[in-house]
Amino acid sequence: MTIITRFAPSPTGQLHIGGARTALFNYLYSKNQKGKFLLRIENTDKERSKKEYEIQIVDSLKWLGINFDEKIIYQSDNIKEHKSVVDELLKKNLAYKCYCTNEELETKREEYKKKNINYLYDGKCRNLKEEKNIPFVLRFKVEKDKKILLRDGVQGDVEIDTNTIEDFVLIRSDGSPTYNLSASVDDHLMNVSHVIRGDDHKINAIKQILIFKYMNWKIPKYFHIPLIHSEDGKKLSKRDNASTTEDYKKIGILPIALRNYLLRLGWSYKDKEIFNNEESIKLFNLKNIGKSPSKLDFERIKSLNEYYIKNLDENILIENLNTYLDIYFKEIKKDDKDIIYKNISILKNK
Ligand code: GLU
């Protein structure tokens with residue numbers, strides 16, 4: 005079996021360091037297994053997806069030396085396939101039209117909230133016989149009273165009662181496919197063997213497994229990596245100023261230092277701290293991914309950066325510095341640059 009992994013960012017913002025770590029783990033695992041690493045841009049949310057973010061994400065991956073195989077796959081190119089899967093589900097009576105309006109659902113959600121009950125769609129339209137001539141969404145008909153097993157390679161086996169999963173939406177009322185539908189269909193079309201991604205997608209995995217199961221497709225192996233928390237233990241947010249790869253790039257962190265840092269964030273190999281690219285490919289495995297969230301450690305990234313500044317081949321260091329100055333110090337004169345480069349052996353130790 006060929007190992008195929010993928011990184012599937014939505015181009016709705018700059019590459020987050022959690023995303024960069026996910027991409028790195030997917031890349032390293034596929035290379036370790038002599039498989040393929042694919043990049044899929046999940047751009048079906050037309051309003052929030054921006055070309056500039058896609059470019060930033062691709063550039064950041066390149067900057068970090070995370071190279072993908074083949075051409076970029078755009079989720080929006082597969083919309084026809086996403087919809088045809090729903091046609092099949094409809095034929096098998098595994099999907100149905102739901103005419104409930106947003107207002108109606110919102111009122112119910114509020115009622116549940118007041119009673120302190122977890123809201124799930126109540127299945128009002130599940131067994132409707134007649135068609136109506138008003139807008140509708142298409143929902144997956146989740147089979148009741150079943151247990152679904154998520155074999156998570158990081159967290160272990162989790163058994164979920166299908167009565168706790170609502171009939172989730174597959175196609176919105178404007179005809180657009182939802183993330184769970186598109187992601188499962190694309191993972192199937194791309195023959196993805198291993199889905200390695202953030203912990204926040206664990207609940208989605210159950211819905212995606214349901215689609216795989218009822219379409220009789222081979223279910224990929226899932227690995228949900230615990231999220232990265234900020235230094236004070238909270239969920240990392242954009243306001244932390246250390247949440248995107250750009251935040252690190254602009255303060256002069258070398259890509260090799262950031263990559264090494266991300267590798268050790270939630271993964272370990274004995275007590276080895278520094279890995280060059282070949283070593284990281286050779287030694288990476290999925291079984292050493294930790295089960296608990298990792299915490300950002302800014303001192304650690306700075307000390308790794310210092311290590312690489314002092315130890316990198318000077319020509320490579322100058323190349324990195326030159327790129328950095330060209331982006332962030334455009335007005336610097338060539339003569340001044342040359343003075344810095346000439347004295348790099350002394351300067352790098354400061
Ligand atoms: N577009 C989703 C995200 O960026 C992808 C999740 C997945 O890997 O399935 O979170």
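Note that the sequence shown covers residues 5 to 354 in this note's numbering.
Glycine included, C-beta positions come from ideal geometry on N, C-alpha and C.
Every value quoted in this text rests on a predicted model; they were computed, and no experiment measured them.
Compare the beta carbon distance of residue i and residue j with 9 Å and say whether it is the shorter of the two.
i      : j      : result
Phe227 : Val146 : no
Ile348 : Leu321 : yes
Leu267 : Tyr252 : no
Asp191 : Pro224 : yes
Thr249 : Ser53  : no
Lys96  : Phe140 : no
Arg10  : Phe41  : yes
Lys45  : His198 : Strictly speaking, residue 45 in this sequence is Ile, with Lys absent from that position. Not a contact, by the Cβ cut-off of 9 Å.
Ala12  : Ala187 : yes
Ser177 : Thr48  : no
Leu316 : Ile255 : no
Asn184 : Leu174 : yes
Leu124 : Gln60  : no
Ile77  : Leu43  : yes
Leu98  : Phe144 : yes
Asp203 : Pro297 : yes
Ser241 : Asn264 : no
Leu154 : Lys206 : yes
Ile313 : Leu258 : yes
Gly39  : Asn281 : no
Ile305 : Thr26  : no
Leu269 : Leu300 : yes
Glu58  : Pro15  : yes
Lys352 : Glu318 : yes
Glu235 : Phe302 : yes
Ile152 : Leu214 : yes
Tell me residue i's beta-bridge partners as DSSP assigns them.
i      : result
Leu42  : Arg10
Ile102 : The amino acid occupying residue 102 in the given sequence is Cys; Ile does not appear at that position. Paired residues: Val141.
Phe227 : Ile200
His20  : Thr248
Ile83  : Ile83 pairs with nothing; no bridge assigned.
Tyr57  : Note: Tyr57 sits in no beta bridge, so no partner.
Tyr218 : Paired residue(s): none; Tyr218 is not in a bridge.
Tyr33  : None; Tyr33 has no bridge partner.
Ile77  : Arg44
Those runs of the alpha helix (DSSP H) which lie wholly inside the region 106 to 188 and span at least 4 residues | The qualifying runs are 106 to 118.
For the region 231 to 309, which segments carrying the alpha helix (DSSP H) assignment without a break, of at least 4 residues, lie completely within its bounds, in sequence order?
-> Runs found: 249 to 253, 259 to 267, 281 to 287.
Output the residues surrounding ligand 1, defined as those with a CB atom closer than 6 Å to any ligand heavy atom, in chain order.
-> Qualifying residues come out as Ala12, Pro13, Ser14, Glu46, Ala187, Arg201, His205.
Are there three or more Cβ pairs, one per stretch, closer than 8 Å when the region 317 to 329 is compared with the region 284 to 291?
-> Fewer than three beta-carbon pairs drawn from the region 317 to 329 and the region 284 to 291 are found closer than 8 Å, and the two stretches are therefore not classed as touching.
Is the region 230 to 248 touching the region 272 to 290 in the sense that three or more CB pairs, one from each, lie closer than 8 Å?
-> Contact between the region 272 to 290 and the region 230 to 248 is absent: fewer than 3 CB-CB pairs across the two stretches fall below 8 Å.
Given 8 Å as the limit, is there contact between the region 196 to 213 and the region 163 to 175, that is, 3 or more CB pairs closer than that?
-> Counting C-beta pairs with one atom in each stretch, the region 196 to 213 and the region 163 to 175 have three or more that are closer than 8 Å, which means they touch.
Should the region 70 to 90 be called in touch with the region 28 to 43, which here means at least 3 C-beta pairs below 8 Å?
-> Inter-segment contact for the region 70 to 90 and the region 28 to 43 is present: three or more beta-carbon pairs are separated by less than 8 Å.
Every unbroken alpha helix (DSSP H) within the region 304 to 338, with a cutoff of 4 residues, ordered by chain | DSSP runs (the alpha helix (DSSP H)) wholly in the region 304 to 338: 318 to 332.
Inspect the CB distances between the region 83 to 93 and the region 129 to 136 and report whether three or more fall short of 8 Å.
-> Because the criterion of three Cβ pairs below 8 Å is not met, the region 83 to 93 and the region 129 to 136 do not touch.
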